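**Student:** Here this note's numbering is used: the first residue of the sequence shown is 150, the next is one more, and so on.
One structure, pasted below without further comment.
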Amino acid sequence: MPIIGGGPAGMSCALWLHNYGMHPMIIEKEGALGGMARLSPYPNEWLLGQRGKSGRENAAEFAGHIRDLAVETWLGGAPQRLRREHDGRLQLDVAVAETATRSLSSPVIVIATGTRFAGEEWLNRVENARRVAAAGRLHVGAAAVGELSLDSRSHVAVIGGGDNAFDVSRMLAENGIRVTIVMRSKAPRAQPVLVERLRRHQASGMATVMAEHTVDALDDGTSRVRVRLDGGGDIEVDHVVLLFGYRPNTNESWLAELALATDALGYLVVDNNMETSCRGVFAVGDVSDPAHPCIATAIASGTVAARTIEKRLARGRVHDFAHARN
């Protein structure tokens with residue numbers, strides 16, 4: 150039973166299917182399991198029983214659990230085509246590194262492809278953004294910030310006004326890094342608790358919030374990056390970080406044939422059992438949950454899908470057995 154994506158949601162689904170006596174198979178395009186959690190160096194304060202551990206450490210523990218169970222895993226697996234066959238089963242073609250394309254047939258497919266950091270459109274629109282990124286001064290997504298070598302003289306511009314922008318800015322300020330948030334909205338989109346946590350750093354001058362501003366261009370002619378703002382005004386920083394949230398990984402060509410229903414942002418629409426608009430195709434984790442994306446909900450959604458799949462297939466087995474006896 151193919152599970153496309155090896156993040157927390159896909160691994161959770163595989164765990165439950167394995168425990169039900171089924172044969173899940175995780176297909177992960179990267180070289181390791183973990184998904185977006187594998188990129189996060191930050192302590193995850195929101196996962197019960199995992200106090201003080203980073204997203205990266207959470208991902209490693211989940212992957213270790215899957216490895217200990219000997220769940221079949223195809224790393225470097227790239228889906229090529231997903232379609233419905235005449236017999237009603239789903240057919241998935243997968244290209245695996247250094248081997249020929251392999252085809253899998255199953256009554257059920259689970260999509261757990263997650264999300265990616267948003268920001269590509271901004272990089273294309275803002276003058277010199279691509280050049281500054283190539284020079285290692287502009288970074289997309291929260292994970293990159295934790296990997297930077299920064300000292301107390303550093304100044305970071307955070308572009309965005311959501312949860313990640315305020316939470317990452319707070320962590321930078323707590324480590325003695327001066328930060329300026331540039332957001333186009335009048336008020337933050339971040340949760341009030343995250344806005345409040347940054348407030349004391351604003352009072353101390355370690356954090357500044359510039360509302361109703363956008364970036365016109367970047368200049369990197371000196372040792373620092375000059376951020377030119379609309380309507381005039383520049384700030385000089387050592388690094389620029391784009392924190393615009395996430396985009397679902399649903400625009401890949403192998404998904405097109407089934408024409409699964411999506412919402413206005415491209416997330417897969419699912420019912421209460423995590424089933425998409427196509428019967429037998431389930432979607433778990435962040436790819437189907439724009440409202441509550443986190444490791445906890447990803448794990449839960451994988452569990453819900455696995456329970457539904459087991460019940461449905463068990464009913465089918467009972468029906469087939471009864472039919473054979475008659």
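Backbone N, C-alpha and C fix where the C-beta goes; we use that ideal spot for every residue, glycine too.
Everything numeric in this text was worked out from a predicted model, so none of it was measured.
Buried or exposed: which applies to Gly-382, given that a residue is buried once 16 or more other Cβ atoms fall within 10 Å of its Cβ?
**Tutor:** Gly-382 should be labelled exposed.
**Student:** So for Phe-470, helix, strand or coil by DSSP?
**Tutor:** Its pLDDT being 33, under 50, Phe-470 is placed unreliably in this model, and the value from its coordinates should be taken loosely. Correct three-state label for Phe-470: helix.
**Student:** Going by DSSP, which residues form a beta bridge with Ala-441?
**Tutor:** According to the sequence shown, residue 441 is His rather than Ala. BP columns for His-441 are empty, so no partner.
**Student:** Which one of Gly-310, Glu-323, Ala-278, Val-289 has the shortest CA to CA distance from Asp-300?
**Tutor:** If we check each option's Cα against that of Asp-300, Glu-323 comes out closest.
**Student:** Tell me the rounded alpha-carbon separation between Ile-458 and Asn-193.
**Tutor:** Taking the straight line joining both Cα atoms gives about 30 Å.
**Student:** Using a Cβ-Cβ cut-off of 8 Å (strictly less than) and excluding sequence neighbours within five positions of Glu-296, which residues of its own chain qualify?
**Tutor:** The answer, listed in chain order, is Pro-190.
**Student:** Answer with buried or exposed for Gly-156, where buried requires no fewer than 16 other C-beta atoms within 10 angstroms of its C-beta.
**Tutor:** Burial call: buried.
**Student:** Tell me whether the segment 207 to 216 and the segment 175 to 189 touch, counting them as touching only if at least three CB pairs, one residue from each stretch, are closer than 8 Å.
**Tutor:** Segments in contact, yes.
**Student:** Among Leu-462, Ala-447, Cys-162, which has the Cα closest to the Cα of Trp-195?
**Tutor:** It is Ala-447 whose Cα lies nearest to the Cα of Trp-195.
**Student:** With H, G and I counted as helix, E and B as strand and the rest as coil, what does DSSP make of Gly-204?
**Tutor:** Three-state result, Gly-204: helix.
**Student:** Buried or exposed for Gly-180, going by 16 or more other Cβ atoms inside 10 Å?
**Tutor:** Flag for Gly-180 reads exposed.
**Student:** So for Ile-384, helix, strand or coil by DSSP?
**Tutor:** In this structure, Ile-384 counts as strand in the three-state DSSP scheme.
**Student:** Smallest Cα separation from Asp-312: which of Glu-345, Thr-363, Arg-327?
**Tutor:** The candidate whose alpha carbon is nearest that of Asp-312 is Glu-345.
**Student:** Using the three-state DSSP reduction, which class does Gly-213 fall into: helix, strand or coil?
**Tutor:** Helix.
**Student:** What residue range does the beta strand (DSSP E) around Phe-393 cover?
**Tutor:** Looking at the DSSP string, Phe-393 is not in any beta strand (DSSP E), and its letter there is neither H nor E.
**Student:** Taking the DSSP output, what are the residues bridged to Arg-232?
**Tutor:** Looking at the DSSP assignment, Arg-232 forms a beta bridge with Gln-240.
**Student:** Per DSSP, what kind of secondary structure is Thr-457 in: helix, strand or coil?
**Tutor:** Residue state, collapsed to three classes: helix.
**Student:** Taking its Cβ as the centre, do 16 or more other Cβ atoms sit within 10 Å of Gly-309, making it buried, or is it exposed?
**Tutor:** So Gly-309 counts as buried.
**Student:** Which same chain residues end up closer than 7 Å to Ser-426 when comparing Cβ atoms and leaving out the 5 residues on each side of it in sequence?
**Tutor:** Here the set comprises Leu-409, Ala-410, Val-418.
**Student:** With 16 other CB atoms within 10 Å as the buried threshold, where does Asp-435 fall?
**Tutor:** Its Cβ being crowded by 16 or more others within 10 Å, Asp-435 is buried.
**Student:** For Thr-425, list the residues DSSP reports as bridge partners.
**Tutor:** Bridge partners of Thr-425: none, in fact.
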